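There are 2 protein chains.
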Amino acid sequence: MDDAPRRQDRTTTFYRQLREDVLAGAFPVGSVLLETTLAERYGGSRTPIREALNLLEHDGLLERAARGYRVRSGTPEDVVEIYEARLALESEAAGAAARRSTDLDLTRLAHLHERCRHGESDTERRADNFRFHEALWRAGHNATITGILTRLTAQLRIYDSGPPAAYGDLDVLDAEHDDILTALRDHDPDAASTAMRAHLRRSLDQRIRATL
Amino acid sequence: MDDAPRRQDRTTTFYRQLREDVLAGAFPVGSVLLETTLAERYGGSRTPIREALNLLEHDGLLERAARGYRVRSGTPEDVVEIYEARLALESEAAGAAARRSTDLDLTRLAHLHERCRHGESDTERRADNFRFHEALWRAGHNATITGILTRLTAQLRIYDSGPPAAYGDLDVLDAEHDDILTALRDHDPDAASTAMRAHLRRSLDQRIRATL
DNA sequence: CCGTACCCGCGTGTATACACGAGGGTACGC
DNA sequence: GCGTACCCTCGTGTATACACGCGGGTACGG
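Protein chains in written order, with the working numbering: chain V, 1 to 212; chain D, 1 to 212.
As structure tokens, then:
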């Protein structure tokens, strides 16, 4: 019954490493990623590197350039698309969380909410905001939805890896998280779902406004 | 500007082929897929085969067995999870379609609806039902959502590749499609979304009941 | 001087060779 | 007869070798 032997081969190693680096914005936006170069950089052969690149392309994080690959920074239209999907899934997750969240889930969310509220720097608050959302997905107890949202938000992260665009009104963000949390505590799926929709819609608005 | 050079390499060829075969249930449920065997079967080297298998695993269609890979037929719980995600996304797509569908979209949907209504065999109606849904995704004009739904339904297809479980009440299915189509024609997002939710929820119910 | 054609270098895609690890079968000892 | 240990086979993961295609640069002809 010991299925799914967790692979530690170089392919997955490189995959994780590359993914991390791409999301961290380690590669200049327009630059091309050659498998030969990367093989040298990460100290391996081309084969596992290419497999990792294939996976990343499949994830939508990379796209094929004329010569190699390049980081895929979606168009603003893509961002809107992704947000539309995220809206649907994350509001569903919020509803599910209102129904299924455990005390542990709620405590974790409350903790992260506090951290987000009192974060020091802007990037720190951004990270905490993201952790709050991740915790909420977990509280929804649906691995499929969680997985999709992970991929979607990854694409968003590379999109705005350049300018650390400031969150608009941070108080509003806190208030929205508060609404969501309250709905979860009340086990009110509709309220949670609606609050999440509003939260993300405003987030998208902000993003669009920043992109003008 | 001629990006994304469409690859016709053996990796993607094998990927498509394998995916097709897996979805068609070409491999007995418990059987293992060895890359050596597959390489021989499809007439190629192991390298592109393994890359294709990697991709399929990444899609969640395959999982690693002790020795090779095997078709991943999810548990009933997984099916419920997938349906939950599908519910969120497809009702969102229905809403979007109500807002954005073109005349062409609506005509296509009407055509498929008719075909589905008058289908001969059961498997034929099932296929037409699926095409109707695909057309609806297209009508939503959100490639991200369409892509995710494609993957999700693929997982569902392999799940029930074994017994061609009969659709329950086919008249109900037609009526539901009719409701959706009407809402789209009226450009009423809420109605479309709600109708789609009901449709899928009943579909899930049916599936669960069949699995008992 | 400009256009075209050829050549070369580079990067990729595929095949093959090699090393490692796991699993099973067999043979030997108790 | 049963248990254990060793070996062998098989499949995978990785590296390397090879062939193809493309793009640029250069040289030659108009």
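Backbone N, C-alpha and C define an ideal beta-carbon position, used for all residues, glycine too. Computed from a predicted structure; not experimentally measured.
Separation of residue j from residue i, as counted between CA atoms
i: V/N142; j: V/R207; result: 28 Å
i: D/P189; j: D/A183; result: 7 Å
i: V/R197; j: D/P76; result: 29 Å
i: D/L61; j: V/E63; result: 23 Å
i: D/F130; j: V/V172; result: 42 Å
i: V/E120; j: V/D128; result: 11 Å
i: V/R202; j: V/E176; result: 10 Å
i: D/T11; j: D/E20; result: 14 Å
i: V/E213; j: D/Y159; result: The structure shown has nothing for residue 213 of chain V, since chain V only spans 1 to 212.
i: D/F14; j: D/D122; result: 30 Å
i: D/G147; j: V/H187; result: 32 Å
i: D/H133; j: V/L204; result: 28 Å
i: D/A191; j: D/D103; result: 19 Å
i: D/L106; j: V/A26; result: 45 Å
i: V/E114; j: V/H199; result: 17 Å
i: D/V71; j: V/T211; result: 44 Å
i: D/A195; j: V/L170; result: 37 Å
i: D/R185; j: V/R209; result: 32 Å
i: V/R16; j: V/G44; result: 14 Å
i: V/D9; j: V/A65; result: 27 Å
i: D/L149; j: V/D78; result: 17 Å
i: D/E81; j: D/R126; result: 21 Å
i: D/R100; j: V/E40; result: 48 Å
i: D/L33; j: V/R67; result: 33 Å
i: V/Y83; j: D/Y83; result: 20 Å
i: D/D2; j: D/R46; result: Unreliable positioning characterises D/D2 in this predicted model, as indicated by a pLDDT of 37, which lies under 50. The coordinate reading is nonetheless provided below. Approximately 31 Å between the Cα atoms of the pair.
Within 7 Å, strictly: CB atoms of residue i and residue j
i: D/R23; j: D/R157; result: According to the sequence as given, residue 23 of chain D is Leu; it is not Arg. For D/L23 and D/R157, yes; Cβs fall inside 7 Å.
i: V/L53; j: V/Y42; result: no
i: V/S193; j: V/A94; result: yes
i: D/L136; j: D/L181; result: no
i: V/A88; j: V/A139; result: no
i: D/P117; j: D/D174; result: According to the sequence shown, residue 117 of chain D is Arg rather than Pro. Cβ atoms of D/R117 and D/D174: closer than 7 Å.
i: D/V29; j: D/S91; result: no
i: D/I145; j: V/A154; result: no
i: V/L38; j: V/I49; result: yes
i: V/H58; j: D/H58; result: yes
i: D/E51; j: V/E124; result: no
Partner residues on chain D for residue i, Cβ-Cβ distance less than 7 Å
i: V/T144; result: E81, I82, A85
i: V/L89; result: A85, A88, L89
i: V/H58; result: L55, H58
Residue i CB to nearest heavy atom of the ligand COA below 6 Å
i: D/L170; result: This structure does not include the ligand COA; it has no bound ligands of any sort.
Contact list for residue i against chain D, beta-carbon separation under 9 Å
i: V/N129; result: By Cβ distance, chain D contributes nothing, its closest Cβ being about 22 Å from V/N129, past 9 Å.
i: V/L204; result: Per Cβ cutoff of 9 Å: no residues; V/L204 is ~14 Å from chain D at best.
i: V/E35; result: Per Cβ cutoff of 9 Å: no residues; V/E35 is ~13 Å from chain D at best.
Where residue i falls: helix, strand or coil (DSSP)
i: D/L34; result: coil
i: V/L61; result: coil
i: V/V222; result: Limits of chain V in this structure are 1 at one end and 212 at the other, which puts residue 222 of chain V out of reach.
i: V/H177; result: helix
i: D/G25; result: coil
i: V/N54; result: helix
i: V/S193; result: helix
i: D/A66; result: coil
i: D/N142; result: coil
i: D/P5; result: Residue confidence is low: D/P5 scores 43 on pLDDT, short of 50, so the model does not pin down where it sits. No coordinate-derived value is stated.
i: D/E120; result: coil
i: V/T107; result: helix
i: V/S203; result: helix
i: V/H133; result: helix
i: D/G95; result: helix
i: D/T102; result: coil
i: D/G43; result: coil
i: V/H187; result: coil
Chain-ordered chain V contacts of residue i [CB-CB under 7 Å]
i: D/I148; result: A85, I148
Where residue i meets chain V, residues with beta-carbon distance less than 8 Å
i: D/E134; result: The premise fails here: D/E134 is roughly 17 Å from chain V at the closest Cβ pair, so nothing lies under 8 Å.
i: D/E176; result: Simply none; closest approach about 20 Å.
If the cut-off is 9 Å on Cβ atoms, which residues from the region 37-51 of chain V count as contacting chain D, listed in chain order? T47, R50, E51
**Request:** Using a Cβ-Cβ cut-off of less than 7 Å, list which residues of the region 12-26 of chain V approach chain D; keep chain order.
**Result:** none
Quiz item: Given a limit of 8 Å on CB to CB distance, which residues of the region 94-126 of chain V reach chain D?
Solution: A96
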